[in-house]
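Undergrad: Residue numbers 71 to 209, in my numbering, belong to the letters of the sequence shown in order. Beta carbons are placed, not taken as given, at the ideal position from N, Cα and C, and that holds for glycine. Before anything else, here's the structure in question.
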Amino acid sequence: MTRMTTLTRRAATAILSGVTLIALAACVPEPPDGRPSPLDGHWVGRYTPQTMHVMDRPCTPGYGGILIRGGRLSGQATNTYGASYRISGHVVGADRIVGNFYFRTRSVGSLKGHLVEGRLVGNYENVDGCRGSWVATRQ
């Protein structure tokens, strides 16, 4: 084998490794790092449970708002009884969000959503088994 053939094979292997690494990196969603997101802004909406009771506990509708800035989201929601929940989470990819909601300091549920025709829509589930959907519009 000539020296030129060995160098050519090494170069081809290095290029193939680089292409593989780039392809893998493209499949992994970028973590939020303070960069602007297409979802940045103030969103306001309502949430609706699938059923009004789970195991003799009420599942209540409510309303709230979130602020998305630099890939991070924060906000608050209130149910029809007046209980308030803090919301926090982050943007995943270009148009999805994931997060949790808290009563005082305790995590009591999770939510996820995505952008559909200019609105954020998604689902939630709390620790009591209440599940439902939510929709928010940008203000």
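1. Please name the residue, chosen from 108, 117, 172, 107, that lies closest to residue 191 on a Cα-to-Cα basis.
2. Residue 162 by DSSP, collapsed to three states: which one?
3. Just reading off the beta strand (DSSP E) that residue 119 is part of, what are its end residues?
4. Which class does residue 152 belong to by DSSP, given the choice of helix, strand or coil?
5. Quick one: using the 10 Å Cβ neighbour count with 16 as the cut-off for buried, is residue 107 buried or exposed?
6. What are the boundary residues of the beta strand (DSSP E) that residue 134 is part of?
7. State the Cα-Cα distance for the pair residue 170 and residue 182, rounded to the nearest angstrom.
8. Below 8 Å on the Cβ atoms is my guess for residue 146 versus residue 135; work out the distance and round it to an integer in Å.
9. Can you tell me the Cβ-Cβ gap for residue 172 and residue 156, rounded? I've got them flagged as a contact below 8 Å.
10. Which value, in whole angstroms, describes the spacing of the CA atoms of residue 130 and residue 115?
11. Over the uninterrupted beta strand (DSSP E) stretch that includes residue 207, give me the two end residues.
TA: Judging by the given coordinates:
1. Working through the sequence shown from its first residue, we reach residue 191 at position 121. Considering only alpha carbons, the answer is 117.
2. Taking the sequence shown and counting its residues from 1, one reaches residue 162 at position 92. Looking at residue 162 - three-state DSSP - the assignment turns out to be strand.
3. Here residue 119 corresponds to residue number 49 of the sequence shown, with the count starting at 1. Per DSSP, residue 119 belongs to the beta strand (DSSP E) from 111–119.
4. The residue you call residue 152 lines up with position 82 of the sequence shown. In this structure, residue 152 counts as coil in the three-state DSSP scheme.
5. On the sequence shown, position 37 is the one that residue 107 refers to. Residue 107 comes out buried.
6. On the sequence shown, position 64 is the one that residue 134 refers to. Unbroken beta strand (DSSP E) run through residue 134: 132–139.
7. On the sequence shown, residue 170 is found 100 positions in, with the first residue counted as 1. On the sequence shown, residue 182 is found 112 positions in, with the first residue counted as 1. Computed Cα separation, rounded: 9 Å.
8. Within the sequence shown, numbered from 1, the residue matching residue 146 stands at position 76. Within the sequence shown, numbered from 1, the residue matching residue 135 stands at position 65. With a Cβ gap of about 7 Å, residue 146 and residue 135 count as contacting.
9. Position 102 of the sequence shown, counted from the first residue, corresponds to residue 172. Position 86 of the sequence shown, counted from the first residue, corresponds to residue 156. The Cβ separation is near 5 Å, so the contact holds.
10. For the purposes of this step, residue 130 is taken as residue 60 along the sequence shown, with counting starting at 1. For the purposes of this step, residue 115 is taken as residue 45 along the sequence shown, with counting starting at 1. Whole-angstrom Cα-Cα distance: 15 Å.
11. Here the question's residue 207 lines up with position 137 in the sequence shown. Start and end: 201–208.
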